[in-house]
Amino acid sequence: MSGLALNSVTKQFGPFTAVDHVELSVPHGTFVCLLGPSGCGKTTLLRMIAGLDSPTNGAIVLDGKDITQVPTHKRDLGMVFQSLALFPHLTVGENIAYPLRIRGIGREEQVKRVDELLAMIHLTGYADRPVHKLSGGQRQRVAIARALAISPKLFLLDEPLSALDAKLREAMQVELRKLQQQLGITTIVVTHDQREAMTMADTVVVMNGGKIRQAASPIEIYRKPADRFVADFIGSTNLLPLTVQGNTALVLGHAVAGISAPSGQGQASLSVRPEDVKLAAPGEGRITGKVTFIRDLGGTIETFLDVAGTEVVAVSTPRERPVVTVGQDVGIVIDPETAVVLSA
Ligand code: ATP
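Taking the UniProt record's numbering, the leading residue of the sequence shown gets 1, the next gets one more, and so forth.
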């Protein structure tokens, strides 16, 4: 296969397993985000792909070639790691040309390539500027250009946008994704920000405890989370207790048409996104809750309900705004198409 394959990649630090038998295939030209909470092993996994750490077990294969033992500088990588900052005493152009210079590329070719890369990152004319005179976002773009100078096979980034303020960060996410699509370069980004992952990735890889919990497209991760951890980690969701009585599944004590009992025994829950909880008049055997709080955010309205001790959150838009007030009893309608049964 052309692209990257991780075969049972494991990393132990003494008795502690930081990355646990990770299997992943990244087809050529795709954009993958490694996403998960702090300490889940995403940086360790990226460092192994980069050759900065070696796996305790398993193999890393790039374009069909086992590179597990190949040193970093021979892996044909572009890297933007927090620890690999720009050289502050060099200009923008000198920074971008650096990887070309150490590979012995001629002066003329260097200038040509730097100009191309500056155009690509929308900083044409900045070659002679000292990097300390750039804004945070500009500096990050220069770091990206430097990493891409040698046209690497694989582009690896560790929390590349974490130092930027929220607005710039969002703009850079779109820019980075467009750049990746334009170049068709296989890219792996570590992030702990799920919005960032959803914006950029073809495949979001959700990790926890050194293991991959789910690897799928952003929309599949959101709509069909594999387990409670993924459902809870990606966006916000209502995890409603699901009990089984005979062959009937009860959601918050009510049978909901279209929701069937999970196979096997044990506890289960129903994941329903807040935007999929519809409010209605109480009655008709509906699940009923009491409104405890309303948060009007302008673009969306969040209604918090108490259903026999369980909190349920519904999100609606001002247009479909239900006229409810705190203290009122409200019916809750769950569309089985939008709900996912998850075992404990
Ligand atoms: P963060 O988002 O906080 O950077 P992460 O998901 O990138 O987290 P890693 O940095 O990969 O997590 O670390 C995974 C686990 O491995 C952590 O518990 C960490 O303490 C441990 N770990 C990482 N590097 C080492 C090391 N060199 N020696 C011992 N333990 C390590």
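In this text, a Cβ means the ideal position worked out from N, Cα and C, and glycines have one as well.
In this text, all values refer to a predicted model and were calculated from it rather than measured experimentally.
- Straight through space, the alpha carbons of Glu116 and Ile49 are spaced by roughly 28 Å.
- Under the Cβ criterion (8 Å, minimum of three pairs), the stretch 194-204 counts as touching the stretch 217-232.
- Val22 sits close to Ile212, with the two beta carbons spaced by under 8 Å.
- By the Cβ neighbour-count rule, Ser151 is exposed, with fewer than 16 other Cβ atoms within 10 Å of its own.
- Arg295 is bridged by DSSP to Glu302.
- DSSP places Ala280 in the strand class (E or B) of the three-state scheme.
- Not a single heavy atom of the ligand ATP lies less than 7 Å from the C-beta of Val22.
- Here the stretch 282-290 lies against the stretch 302-317, with 3 or more beta-carbon pairs under 8 Å apart.
- Look at Val190: its beta carbon is less than 7 Å from one of the heavy atoms in the ligand ATP.
- 8 Å or more divides the Cβ of Ser260 from the Cβ of Leu240.
- Here Lys42 carries a helix assignment [DSSP, helix/strand/coil].
- Ala226 has its alpha-carbon roughly 28 Å from the corresponding atom of Gly331.
- Setting aside the 5 residues that flank it on each side, Ala5 is surrounded in the same chain by Ser25, Val61, each with a C-beta closer than 7 Å to its C-beta; the list follows chain order.
- In this structure, the alpha-carbon of Gln12 lies about 28 Å from that of Leu161.
- The Cβ atoms of Phe155 and Thr191 do not sit closer than 8 Å to each other.
- For Phe233, the closest of His132, Gln214, Lys74, Asp276 by C-alpha to C-alpha distance is Gln214.
- Our two residues, Val341 and Ser316, have alpha carbons roughly 23 Å apart in a direct line.
- A straight line joining the alpha-carbon of Arg101 with that of Gly39 spans about 37 Å.
- Contact check for Asp66 against Ala59 passes: the beta carbons are separated by less than 8 Å.
- When rounded, the separation of the alpha-carbon atoms in Leu164 and Gly246 is 54 Å.
- If one requires a minimum length of 3 residues, the beta strand (DSSP E) runs lying completely within the stretch 178-232 are 186-191, 203-208, 211-216, in chain order.
- Check the Cα spacing between Leu123 and each of Ala143, Lys42, Leu297: the tightest is with Ala143.
- Taking 7 Å as the cut-off, the C-beta of Thr325 does not count as close to any heavy atom of the ligand ATP.
- Taking a C-beta distance under 8 Å as the contact criterion, Lys42 and Gly36 qualify as a contact pair.
- Not one heavy atom of the ligand ATP sits closer than 7 Å to the Cβ of Lys211.
- With a cut-off of 7 Å, the C-beta of Thr43 is classified as near the ligand ATP, since at least one heavy atom of the ligand falls inside that distance.
- Only exposed fits Leu84, as fewer than 16 other CB atoms lie within 10 angstroms of its CB.
- Residue range 16-27 is occupied by the beta strand (DSSP E) that includes Val22.
- For Gly253, the number of other beta carbons within 10 angstroms of its own is below 16, and it is reported as exposed.
- One alpha carbon belongs to Leu183, the other to Val131, and they sit about 25 Å apart.
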